[in-house]
Amino acid sequence: MSPQQPAGRPAGGLISPAENTWCPGCGNFSIEHMMKSAIAELSEEEGIPLENFVLLGGIGCHGKLVDYLNVNSFYGIHGRSVPAATGIRLANPDLKVICHVGDGDIFAEGLDHLIFAAKRNSDITVVVHDNRVYGLTTGQYTPTSPTGFKGRSTPGGITEHPLNPLEVMLATGATHIARGYTKKIRQLKDLFKEAIMHRGFSFVDVLQICATYFNLTDYYNEHAYELREGEVDTGQFESALGKIREWDYDRDAPIPLGTFYSVEKPVYEEKFQALTAGKPDRRALVRKVLEERR
Amino acid sequence: MTEYSVLIGGKAGEGINTAGLSIAGLFSRLGYRTYMYFDYPSLIRGGHNFAIIRASERTIGAHRTQVDVLLAFDQNSIDNHRQRVHDATTVVYDASQVMRAEGYGLPLDRIVEEEKAPPITGNSAMLGALTRVAGIGREVLEDVIRGSVPAKHLEANLRVAGRGYDAAGDVFTVEPLERPSLPVLTGNEVTGLGLVHGGLESYVAYPMTPTSNLLHFLAGHAEDLAIKVLHPENEISVILMALGLAYAGEKAAVGTAGGGFCLMTEGLSLAGMSEIPVTIVMGQRPGPSTGMPTYTSQTDLHFVLNAGQGEFPRLVVAPGDLAETYAWSATALMLSWRYQVPAIILTDKTLAEGAYSFDVGAIIEPPDPEPVLWDGTGEYRRYARTEDGVSPLAFPGREGAVVKVSSYAHDEIGFTTEAVEGVTALQEKMFRKGESLKAELSTYPTVRSYGPRDAGKTIICWGSEKSACIEAAERFGAQVVQPLVLAPFPARQWKEAMIGAGKVACVENNATGQLARLLRQQGFDPGRPVLKHDGRPFAVDELEARLLEVFA
Chain A
1 MSPQQPAGRP AGGLISPAEN TWCPGCGNFS IEHMMKSAIA ELSEEEGIPL ENFVLLGGIG
61 CHGKLVDYLN VNSFYGIHGR SVPAATGIRL ANPDLKVICH VGDGDIFAEG LDHLIFAAKR
121 NSDITVVVHD NRVYGLTTGQ YTPTSPTGFK GRSTPGGITE HPLNPLEVML ATGATHIARG
181 YTKKIRQLKD LFKEAIMHRG FSFVDVLQIC ATYFNLTDYY NEHAYELREG EVDTGQFESA
241 LGKIREWDYD RDAPIPLGTF YSVEKPVYEE KFQALTAGKP DRRALVRKVL EERR
Chain B
1001 MTEYSVLIGG KAGEGINTAG LSIAGLFSRL GYRTYMYFDY PSLIRGGHNF AIIRASERTI
1061 GAHRTQVDVL LAFDQNSIDN HRQRVHDATT VVYDASQVMR AEGYGLPLDR IVEEEKAPPI
1121 TGNSAMLGAL TRVAGIGREV LEDVIRGSVP AKHLEANLRV AGRGYDAAGD VFTVEPLERP
1181 SLPVLTGNEV TGLGLVHGGL ESYVAYPMTP TSNLLHFLAG HAEDLAIKVL HPENEISVIL
1241 MALGLAYAGE KAAVGTAGGG FCLMTEGLSL AGMSEIPVTI VMGQRPGPST GMPTYTSQTD
1301 LHFVLNAGQG EFPRLVVAPG DLAETYAWSA TALMLSWRYQ VPAIILTDKT LAEGAYSFDV
1361 GAIIEPPDPE PVLWDGTGEY RRYARTEDGV SPLAFPGREG AVVKVSSYAH DEIGFTTEAV
1421 EGVTALQEKM FRKGESLKAE LSTYPTVRSY GPRDAGKTII CWGSEKSACI EAAERFGAQV
1481 VQPLVLAPFP ARQWKEAMIG AGKVACVENN ATGQLARLLR QQGFDPGRPV LKHDGRPFAV
1541 DELEARLLEV FA
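Residue numbers (our numbering), protein chains in the order written: chain A, 1 to 294; chain B, 1001 to 1552.
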């Protein structure tokens, strides 16, 4: 983005000078670097100017990502990135708007916004840093923590079941649904690129390691597998639903990674675009409306 | 002074509001200035709705208790308003519904059946009867109906109106005034037009009385005004969407009432910290909580002055009539962008849903402060520290700029910081901006005075109570002083306006005297409180009686 980028290495210039304060071993590093590479590659391959990317962050460890990349950013408030993202996309259709959100951030505080953005097929990308625990507030359960999870606010263990966010998204109208894992970085980068290029609402749930409060590395390494070509029909709701239900974030089961669903539907922002196009003299329009009231 | 008051009452769903506006239109055609108070409970069908339409040779913005004509669709409209009837009041009633009344009984059921017209056309029969009672020509009646009824239903309405006209008798004569008629608009409509004058490109709102009609008005005119109108899932989304729009360069406003504003407060605080401009139309109604949703109050002044965690500058304006509503809605939006602060336009149900003659010519066109934009040189810093505290704006998509906004304490680029020097400088920059806004406002009419300055009697008021106060003041030879801007408080202009104020009455639609409290905080004496907190605005005569207690 800055004109001083080293030639041939656009991604290198995307790391900002802000001091990185994530814990060693944190899954956020993978997400940061794969998003950085995804943006750089899309810029080269698709000719999207770097200044046309906008990142949003909520509140939680995930949000720091927007400080760490030299990209336009809106570091907002807990759970509220999604409506701001829709506003940004409404104002400028050329922008690629990417929300980085946490699982507590978006599934607890901001679930209503997520559901409605999916329902209206807002042309934005939502990347969930789903570590299934609150990190920044030091270890409480989130909406995707498994049954029995003992957090600092629930020392006896929770009795409720986690949400399956992919199923929620499918049910509410998301047109692109994927899941990645922070230890499978090449796939993660491809999932990001695919989601950003999808026209409409894209959702990527990233199983992210929290090295300090909930380290599921061994569990994921054992259970996660990458979907093979043809294993799910991404244009078919029923096929996607079946694959999404293979693992419910609770019981032991194989965990499929990849794109589950991807369809085209009318984009929410589209129909508003014509209204404000050009540079209308609105004061003349006000006078006209008043004239008609005489 | 020649003036007339008409009350029309019936059940919700009978079109009382529309009928009231037609009555206002009738008087407007004859050159009169009109005001309509619309009173309705929070329900869809049934209950008792009424509108009081007052017409005068002069500009008015308040009703009187007594009426010259009472148009009753049901018995409640007779029984609930006995105190409004005087010796010369003419009553016209629907003889199919009303059992006990004296006056002209119109058999509306039979009339609409004979004319093969839908029941809602009964309003036109009432309008016809009023036209006759008021000695207004039939052609004026037909002109008003042509102007308000869709072509499909025009003929039926004209026939039914004629039946009403024929059924009543001549009682008095409203003389036409030789001057152009003015359109009748609501405060909500004029707020919307003022915002567009100020540069509005997108309006975002979740429905809530009393500003829902602002949403409906702008949505209905989105194409005419070349604006986007959005209705998302709740008020939290509303303000965040507006902030997203503004971050990306589009001027946005939102509208709500107290309950919705509660949900917006975290977004308001975000606007303060991130320095993203947003304009909020806040229509007051009685709380606490759901309160009386369709009634009026001035109970949220301190709420909007203090809402949001942390300390940040904001602009709060409270217009009191349509001309002020137009000018200050435009100004609020423009200053919000010039100084990158949240702006709040504080209205209430009385102003927002009341209808008034709108004299566009009386508007003093406000100045056009422009946003400060980045000139493209050097590295872009969203929060660059400048002398007046305002950092030049660039928007995402601008080549050569990385635009970073943040809810965290941040450095000049926008990166999070908690360092002593950084956070201190950030706060100082933010408050320099507030001081610059205050300095610019000193050139605006932030405090207005009406009536004689040397009377030794002063009525203080704010917002929609202004018109009732100006009229009531005449009876006492008092002056009226009204603050238009409530934050940053225009202390110097206030002090000047109050020199020689004498005996002071502070008129407000609340129980605790909220403007009085603000004045005391600023070191001024607010005088004696004259308060009303039943959800209804003061009638002029009611206010006169209350002021007698202070000025006697």
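Glycine residues also receive a C-beta, built at the ideal position from the N, C-alpha and C atoms.
Buried or exposed for residue i, please, with buried defined as at least 16 other CB atoms from any protein chain shown within 10 angstroms of its CB.
i        : result
P49(A)   : exposed
D1499(B) : Sequence inspection shows Ile at residue 1499(B); the Asp mentioned does not correspond to that position. It is exposed - the Cβ of I1499(B) has fewer than 16 other Cβ atoms within 10 Å.
D103(A)  : buried
K1404(B) : buried
V1067(B) : buried
S1042(B) : exposed
V1530(B) : buried
K271(A)  : exposed
R1520(B) : exposed
D1087(B) : exposed
P6(A)    : Residue confidence for P6(A) is low, a pLDDT of 43 falling below 50, so the modelled location carries little weight; the figure read from the coordinates is stated next. Exposed is the call here.
D1000(B) : The structure shown does not extend to residue 1000(B), since chain B is modelled only from 1001 through 1552, so no value can be given for it.
V1006(B) : buried
Could you check what DSSP says for residue i in three-state terms: helix, strand or coil?
i        : result
E1370(B) : coil
H1216(B) : helix
F203(A)  : strand
C1262(B) : helix
M1126(B) : helix
R293(A)  : coil
E1189(B) : helix
R9(A)    : Residue confidence is low: R9(A) scores 47 on pLDDT, short of 50, so the model does not pin down where it sits. Its coordinate-derived value is still stated next. Correct three-state label for R9(A): coil.
L1230(B) : strand
V1504(B) : strand
I177(A)  : strand
M1282(B) : strand
T1030(B) : Residue identity check: residue 1030(B) is Leu in the sequence provided, not Thr. Note: L1030(B) maps to coil in three-state DSSP.
D1359(B) : coil
R1138(B) : helix
N1306(B) : helix
Looking only at its chain, what residues have a beta carbon closer than 6 Å to the beta carbon of residue i, apart from the 5 residues adjacent to it on each side?
i        : result
L113(A)  : For clarity, residue 113(A) is His in the given sequence; the question names Leu instead. Excluding sequence neighbours, H113(A) sits near V82 and P83.
A118(A)  : M169, T172, G173, A174 and F201
V54(A)   : N72, I88, L95 and V97
E109(A)  : H78 and G79
R1448(B) : Q1482
Does any residue of chain A have a CB that is nearer than 9 Å to the CB of residue i?
i        : result
S1056(B) : no
S1022(B) : no
E1266(B) : yes
I1145(B) : no
E1250(B) : yes
S1289(B) : no
V1360(B) : yes
Y1408(B) : yes
For residue i, which residues in the same chain have their Cβ closer than 7 Å to its Cβ, ignoring the five residues on either side in sequence?
i        : result
L1263(B) : N1234, E1235 and I1236
S1028(B) : T1034, S1181, L1182, V1184 and S1357
R1146(B) : L1154
Whose Cβ in chain B lies nearer than 9 Å to the Cβ of residue i?
i       : result
H113(A) : P1232, E1233, N1234, I1236, S1237 and L1240
I15(A)  : By Cβ distance, chain B contributes nothing, its closest Cβ being about 12 Å from I15(A), past 9 Å.
E51(A)  : P1396, G1397, R1398, E1399, G1400, A1401, V1402 and V1403
Identify the contact partners of residue i in chain A, using a Cβ-Cβ distance below 7 Å as the criterion.
i        : result
A1222(B) : L275
E1201(B) : T276
Could you tell me which chain B residues have their CB closer than 7 Å to the CB of residue i, listed as they occur along the chain?
i      : result
D67(A) : F1415 and T1416
Comparing the CB of residue i with every heavy atom of the ligand GDP, is any distance shorter than 8 Å?
i        : result
V1184(B) : Judged by which ligands are present, the structure shown has none, so any question about the ligand GDP falls away.
Quick one: what's got a C-beta closer than 8 Å to residue i's C-beta in the same chain, skipping five residues either side?
i        : result
G1513(B) : C1506, P1526, P1529 and L1531
Please check if any C-beta of chain B sits within less than 9 Å of the C-beta of residue i.
i      : result
N72(A) : yes
P83(A) : yes
Could you tell me which chain A residues have their CB closer than 9 Å to the CB of residue i, listed as they occur along the chain?
i        : result
H1153(B) : Residues of chain A passing the Cβ test: none, with the nearest at roughly 20 Å.
V1571(B) : In this structure chain B extends from 1001 to 1552, so residue 1571(B) is not present and cannot be described.
Which chain A residues sit within Cβ distance under 8 Å of residue i?
i        : result
I1016(B) : In chain order: nothing, as chain A lies at least about 21 Å away.
L1193(B) : V286, V289 and L290
L1225(B) : R282, L285, V286 and V289
Could you list which residues in chain B have their beta carbon closer than 8 Å to that of residue i, in chain order?
i       : result
I88(A)  : G1244, L1245, Y1247, A1248 and P1396
F116(A) : P1232, E1233 and S1237
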